[in-house]
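Residue numbers (the working numbering), protein chains in the order written: chain Z, 1 to 76; chain D, 1 to 399. By construction, the Cβ of each residue, glycine as well, lies at the ideal position given by its N, Cα and C atoms. Remember, it's a predicted structure, so these values are computed and weren't measured experimentally. Single-structure report; data block below.
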Amino acid sequence: MTEGRWRVEVDGATCIGSGLCVGTAPDHFELVKDTSHPINELVEPAEAVRDAAESCPVEAILVRNAATGEVVAPEQ
Amino acid sequence: MTTAGEARTYPFSEARGLELDPTYRALRDEQPVARVRLPYGGEGWLATRYADVKTVMSDPRFSRAATVGKDIPRTTPARQQGTTILSMDPPEHSRLRKLVAKAFTARQIERLRARAQQVVDELLDRMAEQGPPADLVEGLALPLPITMICEMLGVPFDDRDRFRAWSDQLLGVTAFTAEEIEQARAEFRAYLAGLIEQRRRTPSDDMLGVLVQARDEDDKLTEDELVDFGITLLVAGHETTANQIGNFVYTLMANPEQLAKLRDNLDLVPSAVEELLRFIPLGNSAAFARVAVEDVELGGVLVKAGEAVLVSTASANRDAQVFDNPDQIDLERQDNAHVAFGHGVHHCLGAQLARLELQIALKSLLTRFPTLRPAVPIEEMVFKQGRLVRGLSALPVAW
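Structure representation (structure tokens):
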């Protein structure tokens, strides 16, 4: 059952640990040693996850449709 | 130390130059979340350790929106207004932030590097023609960030004297009366409303134009939010960096061995900027309290729902649990995860722009004027008083 789900990735090398994603979507991101990680890689679509990806100052978060691979956020 | 029940008067002291009151250090050691009493709004908690400060800034159980209109502990008479991005929690905060976040990403800001360099070069040319001596505040520190944010927003640079005065008053703590601050806010709002009307007549692709479109075509924000967002971007876009350019150069001149080290190895500029951001307490005191929306245990105390918590990022940046020799300047410091730009959803939108401006300003200044020195004894430099942020009234330099 991955249809409609989103796959969340964080580029740890790019992440600056601003905490924006953790504050925006606390159920979906956590900071480990100042670097963000998705709590679950596969998630049900959630506005907070999209908001986190759109707000990341270094564009380290990528949200894709798990089935198709299509980029959901950030908008290009 | 006082007992946990006894509130200390806060701010602990009137800020002197760029010194950090030693009480922060004592509290970090002995009472990391302490009771404090502020000039307005009574008592609250003050967090001074790095870990607790980060928690309060990123945990949704601590709310900025819950402070709106309330008589919460604060340094200024005015209560928090609800139409600014700094007074919002997600998802309202995200709704506004997303409208401009793209323009402030590291990738987009990097594209402004050549323009920022050009602005700095022209300013330094003018300083060289007219000096020495020269006032670095008027010559570089103010015009650089004002030029950059004006061009991004689409605000006429020629109006700078007007909005600088309003901006200064908005950030006043004790330097101005409540009436003066309200007057400045009203005039600033009328000015922004005028710029917005211009865009309704003639659309533009600058940031104000984009925000006007987001309001008129997509109903993404209210008219009050639009006006206040413009003010916030313009004020935050220059006051902080302008003061820090002066504070950085002052700190380096006050520590000549550090100045020489940086001048002799300009590859250190990026890490030097991070270290000076960490070391220099820009804020005069903790501000922008959060209110707990449920009971939260923090730093060994129970913060009850409805109670206010202040955080000192300046104190967090000197926490020995995180930074080796925290009271020493180390321009080569590695893993410098300071919280000078805050943390969590309100992490400074302009952080990457500020870094760019600070890096270019420092590097160009030391390249152009390798013999840079204070034009008056460093202890005679005058800092502004009674403001939210620290900065020099003037910074006379020679070379």
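- Secondary structure of residue 135 of chain D (DSSP, three-state): strand.
- Along the stretch 37-72 of chain D, the beta strand (DSSP E) occurs as fully enclosed runs of 3 or more residues at 43-47, listed in sequence order.
- Annotated three-state conformation of residue 329 of chain D is coil, per DSSP.
- By the rule that beta-carbons nearer than 7 Å mark a contact, residue 55 of chain Z touches chain D.
- Beta-bridge partners of residue 9 of chain D (DSSP): D/37.
- Close to chain D, meaning a Cβ-Cβ distance shorter than 7 Å, are the following residues of the stretch 7-18 of chain Z: 17 and 18.
- Our two residues, residue 196 of chain D and residue 57 of chain Z, have alpha carbons roughly 26 Å apart in a direct line.
- In terms of Cβ geometry, residue 174 of chain D and residue 42 of chain D do not form a close pair [threshold 7 Å].
- With respect to the C-alpha of residue 34 of chain D, the residue from D/288, D/48, D/191 and D/275 having the closest C-alpha is D/48.
- At a beta-carbon threshold of 7 Å, the residues of chain D lying near residue 26 of chain Z are 60, ordered along the chain.
- With respect to chain Z, the C-beta atom of residue 37 of chain D has no partner C-beta closer than 7 Å.
- In the structure shown, residue 32 of chain Z falls within a strand segment according to DSSP collapsed to helix, strand and coil.
- Exclusion of the five residues before and after residue 358 of chain D leaves 273 as the residues of its chain whose Cβ lies within less than 6 Å of its Cβ.
- With fewer than 16 other Cβ atoms inside 10 Å of its own Cβ, residue 16 of chain D counts as exposed.
- Against chain D, a Cβ distance below 8 Å from residue 22 of chain Z picks out 58 and 344.
- As a beta-bridge residue in DSSP terms, residue 42 of chain Z pairs with Z/7.
- With contact defined as three or more Cβ pairs closer than 8 Å, the stretch 89-108 of chain D and the stretch 39-52 of chain Z are in contact.
- By the rule that beta-carbons nearer than 7 Å mark a contact, residue 72 of chain Z does not touch chain D.
- The beta carbon of residue 63 of chain Z sits no closer than 7 Å to any beta carbon of chain D.
- At a cut-off of 7 Å between C-beta atoms, residue 97 of chain D counts as an interface residue with respect to chain Z.
- Around the beta-carbon of residue 344 of chain D, 16 or more other beta-carbon atoms lie within 10 Å, marking it buried.
- Contact of residue 104 of chain D with chain Z by beta-carbon distance below 8 Å involves 57.
- At a cut-off of 7 Å between beta-carbon atoms, residue 101 of chain D makes contact with chain Z.
- Straight across, the Cα-Cα distance linking residue 117 of chain D with residue 262 of chain D is about 19 Å.
- Between residue 291 of chain D and residue 66 of chain D the beta-carbon gap is near 4 Å, inside 8 Å, which marks them as a contact.
- For the stretch 35-49 of chain Z, residues whose beta-carbon sits nearer than 9 Å to a beta-carbon of chain D comprise 47 and 48.
- About 6 Å separates the CB atoms of residue 8 of chain Z and residue 41 of chain Z; that is less than 8 Å, so the two are in contact.
- Within the stretch 346-372 of chain D, the residues whose Cβ lies closer than 9 Å to some Cβ of chain Z are 346, 347, 348, 349, 351 and 352, listed in chain order.
- Burial state of residue 194 of chain D is exposed, judged by a 10 Å Cβ sphere holding fewer than 16 other Cβ atoms.
- With a cutoff of 7 Å on beta-carbon distance, residue 51 of chain Z and residue 14 of chain Z are scored as not near each other.
- The beta carbon of residue 21 of chain Z sits closer than 7 Å to the beta carbons of 29, 36, 52, 56 and 61 from its chain, once the five residues preceding and following it are set aside; these are given in chain order.
- Secondary structure of residue 75 of chain Z (DSSP, three-state): coil.
- Taking a contact to require three or more Cβ pairs closer than 8 Å, the stretch 108-124 of chain D and the stretch 346-360 of chain D qualify as touching.
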